[in-house]
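Undergrad: I'd like to ask you about the structure that follows.
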Amino acid sequence: MTFGSELKPNEFGAVNGYVERQLDIYTGLSKLLAEKAAAEKEYGRKVLELARTFQEQLTSVFEPKQGAGADSLALTDAEASDTSALELLPAANEWALRLEEEGRLHVQLGSKIGGDITEELRKGMDSLHTSRRHTLEFYQKLLSERDRVFDQKDKARVQYDARSKTLHASQQRQERATSEKEQEKYRQKAGREVAQRNQAKNEYILQVAVANEVKRAVNHTFTPRIMDSMQTIDQQRVATARRVLLQLLGMQEAAEERQIASTKRAAHVMGRVAIDVDSAQYVRRRVENGLSTWDEPPDFRVVVDAAAGEDESMALDGESQVILRNMCVHALREGVRAEQNARTKAQEAEQHRQLQHVEEDVGLDRVFGFERDSTLAELEAVQHQALRMAVEQQLGPVDQGTPHEFKSHTVAISKTCDYCGESIGGLNRKAARCTQCDYTCHSKCQIKVEPNCPGRDPEAKSGFLSLFGSKRRKSQVHRRSESVVSNESMISRDSVHQPSPQPRSSILRRSRSRSRSSSISMAPQPSLPPRASQQNATMPNMPPMPELPNTNASMGRASTAPGSALAAAVAQITPSNNSALQSLVIGDSSVVTMLYDFDGDGSSTLT
495 MTFGSELKPN
505 EFGAVNGYVE
515 RQLDIYTGLS
525 KLLAEKAAAE
535 KEYGRKVLEL
545 ARTFQEQLTS
555 VFEPKQGAGA
565 DSLALTDAEA
575 SDTSALELLP
585 AANEWALRLE
595 EEGRLHVQLG
605 SKIGGDITEE
615 LRKGMDSLHT
625 SRRHTLEFYQ
635 KLLSERDRVF
645 DQKDKARVQY
655 DARSKTLHAS
665 QQRQERATSE
675 KEQEKYRQKA
685 GREVAQRNQA
695 KNEYILQVAV
705 ANEVKRAVNH
715 TFTPRIMDSM
725 QTIDQQRVAT
735 ARRVLLQLLG
745 MQEAAEERQI
755 ASTKRAAHVM
765 GRVAIDVDSA
775 QYVRRRVENG
785 LSTWDEPPDF
795 RVVVDAAAGE
805 DESMALDGES
815 QVILRNMCVH
825 ALREGVRAEQ
835 NARTKAQEAE
845 QHRQLQHVEE
855 DVGLDRVFGF
865 ERDSTLAELE
875 AVQHQALRMA
885 VEQQLGPVDQ
895 GTPHEFKSHT
905 VAISKTCDYC
915 GESIGGLNRK
925 AARCTQCDYT
935 CHSKCQIKVE
945 PNCPGRDPEA
955 KSGFLSLFGS
965 KRRKSQVHRR
975 SESVVSNESM
985 ISRDSVHQPS
995 PQPRSSILRR
1005 SRSRSRSSSI
1015 SMAPQPSLPP
1025 RASQQNATMP
1035 NMPPMPELPN
1045 TNASMGRAST
1055 APGSALAAAV
1065 AQITPSNNSA
1075 LQSLVIGDSS
1085 VVTMLYDFDG
1095 DGSSTLT
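Be aware that the sequence shown starts at 495, since it is given in the numbering used here, and climbs by one per residue.
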C-alpha cells in the first residue's frame, strides 16, 4: 500500500505535513538522548520527565480507533509478546515506558549514548529533513512547469484571438473598399492574415493538447510518484529511528542486567516494527475517515471564433501542413531524446539504489535527484508526444523525410533566402543555415522548409571557388532565378516578331531590375575575345567569339527581325544546348543579354 496508489493527487499537502511532523518528532528524540547523556547523575528525575514529554508528543499524533480507550497506545503483555508487524508509534511508546524504569544509568552508558547514538540519529533525521524539503521544492517546481504550460496555452489563445480580430478588420476594410486596387490590396493582406491566423490557431490547438496531457501526467503519474518518494522518506525515518533505538536498547541491555526483562520486552516490541506499517496505517485512517477525496479537473477545450465560421479543427492548407509536419518531426526527435534521457536517469537512480545499503539514508536524496531528472525528462517527452499525436491525428502518420540540420547563422553579406527569395540582410542578419547542404533561409522561414535535405555535396568547392557553388547547389538555389530568366526569354522571343519594338528606356529598366542579370549594350562592331594571359585562373576558358558580319554597320539601329543580319549573327554565336554560352534577345534590337555558365551545369552563374 503506497501513498501514490491509494491517496489522491490533491492530498500531497497532507502527506507532506504528516512526514514533516513525524520527522520533527524523531529529531526531538536526538535531543532527548543528548540531554540524557549529559544529565546522567540526575537520570532518575530528568529521564522520567523527558520520557513523559516524549510520550505526550507521541500521543499528540496518535489517532485511536473508534471505541478504543485513551490508553490504547500502550501495549498489553500479550500485545508486547506478539510477533506480528507493528507500527513505530506504539513501539516508541513502549520504549518510553521502559525508559521510566531506567532511573540509574552508568556513566559509560551515558557517554556512549551522548556520542554514538545521538549523533547518528541527528544526522539521519537531518538528511531526511533535507530530502523532504527537496521533494517539496521539486513538487512546487513541477507545478510551476505545469502552470507554465497552461500559460503558454493561454498566450496561444490570446494570439489566436488577436489574429482573428485582425483578419476580420481586414475583411471589413476590403468590403468597404471602392476601387479594385484597394480591394486587391486588402485581399492580399487578408490572404497573409489568414495564413497567420491559421498558424496561430494550430499553435493554440497544439498547446491545448499539450496542456491536457501535462495535466494528466502531473496528476496521475508525477504527483503519485512524488508522494511515493515522501512515503519512502517516512519509511526511512522509521528504519532510522528503529535502528538507533535498537542500538540504544542493546547497550542498555548489556549495561543493566537488572532490567534485562523490561529491556528485552522493549527490544522485542521495537523489533516488530515494519517500515511500511506507519504509512499503511496513515492511508487506512484517511480512507476510512473519508478524508481521501478527489475530483478530476475537466480537460481544456479549444475556444474559437464561432461567429466567424471557425471550428475546432486544424487548418490543413499547404503551408500549414508543411509547418505541422516539421513540428511533428521535431517533436518526434526531441521526444526520443527525452525518453532516452529519462531512461538513463532512471537507470542511474536504480544503480545508486542497489549500491546503497538497505538502511542507509544519507544517499537517499541523491537517488531522488536522479528520479527527479528522469521525471522532468518524461514530462518533456509527454509534451512532445502529445504534440506529435495531435498532428498525426489530423495528417496521419508523418514521414520524417530528411530534415535539415539548421543552425543559427549571421550573414556577413546580404544573401537571398532559399525559401521565399527575399533578401537576408540589413539590420537583421540572423538566418538559419543547414550544416549539411548549406540551405540558407530566414529564421521565420525555417519552420516552412520541406524536410528534404540532400546531405553534403561531394562536389562542393572550397576556398574562392565556393562562391560559385557546386552543380547541385546552384540547381537548387538558382531554380527560382532560372524560372524568371526562362519566362523573360519566352517574352523576348515573342517580342522579336512584333512590328514596333519597345522603347529602349523601358528595356533598360527591366534589364537592370532582373535578379543576377544585366544588360550589355552591343555595338554593331564585334567584341574581341580576351587574351589567354588575361583570363581569370578560376574561370573556365570561353570559346572564341565569332566575328559579327558588318552588313548593318551603316544603320543607325541594328535590326533583329527574322532574316536580318544581326539576328543571323546572334544565331551564329549562340552555341548548341550543351554549350555554356546562351544569348537572349530582348525587345530593343540593339540590346542583347548574354548569360554565361562558367561550370557548364546548366545554371547561369554570371551575366
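Positions of the beta carbon are idealized from the N, C-alpha and C atoms, including for glycine.
1. Give a yes or no on whether the C-beta atoms belonging to G511 and Q551 are separated by under 8 Å.
2. Taking only the alpha-carbon atoms, compute the straight-line gap between N981 and C947 and give it to the nearest angstrom.
3. Would you report the Cα separation of Q940 and A926, rounded to the nearest angstrom?
4. Roughly how many angstroms lie between the CA atoms of T1174 and L567, to the nearest whole one?
5. Could you say which of Q701, A663, Q634 and Y913 lies nearest to Q646 if we only look at CA atoms?
6. Between K924 and S902, which are expected to be in contact by the criterion C-beta below 8 Å, what is the C-beta distance as a whole number of angstroms?
7. Using 8 Å as the threshold, is the segment 859-871 in touch with the segment 894-914, meaning 3 or more CB pairs across them?
8. Taking the straight line between their C-alpha atoms, what separation do you get for E438 and Q877?
9. Does the pairing of the segment 806-813 with the segment 754-773 give three or more beta-carbon distances under 8 Å?
10. With a Cβ-Cβ cutoff of 8 Å, do Q665 and A694 count as a contact?
11. Tell me V767's beta-bridge partners as DSSP assigns them.
12. Could you give the first and the last residue of the continuous beta strand (DSSP E) run that contains A926?
13. Please state whether the Cβ-Cβ distance between F497 and Q725 is less than 8 Å.
14. Between which two residues does the beta strand (DSSP E) containing H936 stretch?
15. Applying the 10 Å Cβ sphere with the 16-neighbour rule, what's the burial state of V781?
16. Would you mind listing the beta strand (DSSP E) stretches within the segment 816-884 that are 3+ residues and don't spill past its ends, in chain order?
17. Taking 7 Å as the limit between beta carbons, can you name the residues of its chain near R719, skipping five residues before and five after?
18. Give every residue of the same chain whose Cβ lies closer than 7 Å to the Cβ of A586, excluding the five residues on either side of it in the sequence, and list them in chain order.
19. Just grab the DSSP bridge partners of N696 for me.
20. So L615 and V738 are supposed to be a Cβ contact under 8 Å. How far apart are they, rounded?
21. Does the Cβ of P891 have 16 or more other Cβ atoms within 10 Å, making it buried, or fewer, making it exposed?
22. Would you grab the beta carbon distance between Q746 and L603 for me? Rounded to a whole angstrom, and I think it's under 8 Å.
23. Are there 16 or more other CB atoms within 10 angstroms of the CB of I754, so buried, or fewer, so exposed?
24. Does DSSP classify G604 as helix, strand or coil?
25. Among residues of its own chain, excluding the 5 on either side of A574, which ones have a beta-carbon nearer than 6 Å to its beta-carbon?
26. As a quick exercise: from Y520, E899 and Y537, pick the residue whose alpha carbon is nearest that of L593.
27. Identify the continuous beta strand (DSSP E) that holds S673 and give its terminal residues.
28. Which term fits D571, buried or exposed, when burial requires 16 or more other beta carbons within 10 angstroms of its beta carbon?
29. For E505, which residues in the same chain have their Cβ closer than 6 Å to its Cβ, ignoring the five residues on either side in sequence?
30. Can you tell me whether T787 is helix, strand or coil according to DSSP?
31. Nearest CA to the CA of A590: which residue from Q815, E676 and L542?
32. From A663 to R691, what distance separates their C-alpha atoms?
33. To the nearest angstrom, report how far apart S917 and V643 are at their CA atoms.
34. Suppose you measure from the CA of G507 to the CA of R627; what does that come to, to the nearest Å?
35. Helix, strand or coil for T482? Go by DSSP, reduced to three states.
36. Check T904 in the structure and name its three-state DSSP category.
TA: From the atom records:
1. No, Cβ-Cβ distance for G511 and Q551 is not below 8 Å.
2. Annotation note: pLDDT 38 at N981 (below 50); position unreliable, coordinate value reported separately. In a straight line, the C-alpha of N981 is about 28 Å away from that of C947.
3. Near 7 Å, if we compare the C-alpha coordinates of A926 and Q940.
4. In the structure displayed, the chain extends from 495 to 1101; residue 1174 sits before or after that span and is not available.
5. Distances from the CA of Q646 to each of Q701, A663, Q634 and Y913 were compared; the closest alpha carbon is that of Q701.
6. Between S902 and K924 the Cβ distance is about 7 Å, and since that is below 8 Å, they are a contact.
7. For the pair of segments examined, the segment 859-871 was found not to touch the segment 894-914: the number of CB pairs separated by less than 8 Å stays below three.
8. Beyond the ends of the chain as shown, which are 495 and 1101, falls residue 438; an answer cannot be given.
9. Counting Cβ pairs under 8 Å, fewer than three are found: no touch.
10. Cβ distance not < 8 Å, so Q665 and A694 don't count as in contact.
11. Here V767 is bridged, per DSSP, to L580.
12. Under the DSSP assignment, A926 falls in the beta strand (DSSP E) whose first and last residues are K924 to C928.
13. For F497 and Q725, yes; Cβs fall inside 8 Å.
14. Looking at the DSSP string, the run of the beta strand (DSSP E) that includes H936 is T934 to H936.
15. Classification of V781: exposed, given that the 10 Å Cβ count is below 16.
16. For the segment 816-884, not a single whole beta strand (DSSP E) run of length 3 or above is found.
17. Exclusion of the five residues before and after R719 leaves G498 and T869 as the residues of its chain whose Cβ lies within less than 7 Å of its Cβ.
18. The residues are L552.
19. DSSP links N696 through a beta bridge to no other residue.
20. Yes, they are in contact, since the Cβ atoms of L615 and V738 sit about 4 Å apart, within 8 Å.
21. Taking a 10 Å sphere around the C-beta of P891, we find fewer than 16 other C-beta atoms and assign the residue as exposed.
22. Contact flag correct, Cβ pair sits at about 7 Å.
23. Result: exposed.
24. The three-state secondary structure of G604, taken from DSSP, is helix.
25. The beta carbon of A574 is closer than 6 Å to those of R759 and V763 in its chain, skipping five residues each way along the sequence.
26. Ranked by how close their Cα comes to the Cα of L593, the residues Y520, E899 and Y537 have Y537 in first place.
27. Neither: S673 is in no beta strand (DSSP E) and is coded neither H nor E.
28. For D571, the number of other beta carbons within 10 angstroms of its own is below 16, and it is reported as exposed.
29. Around E505: no qualifying Cβ.
30. In the three-state DSSP reduction, T787 falls in the coil class, being neither helix nor strand.
31. Ranking Q815, E676 and L542 by Cα distance to A590 puts L542 first.
32. Distance between the alpha carbons of A663 and R691 is about 13 Å.
33. Distance between the alpha carbons of S917 and V643: 35 Å.
34. Rounded to whole angstroms, the gap between the alpha carbons of G507 and R627 is 12 Å.
35. With the chain covering only 495 through 1101, there is no way to say anything about residue 482.
36. In this structure, T904 counts as strand in the three-state DSSP scheme.
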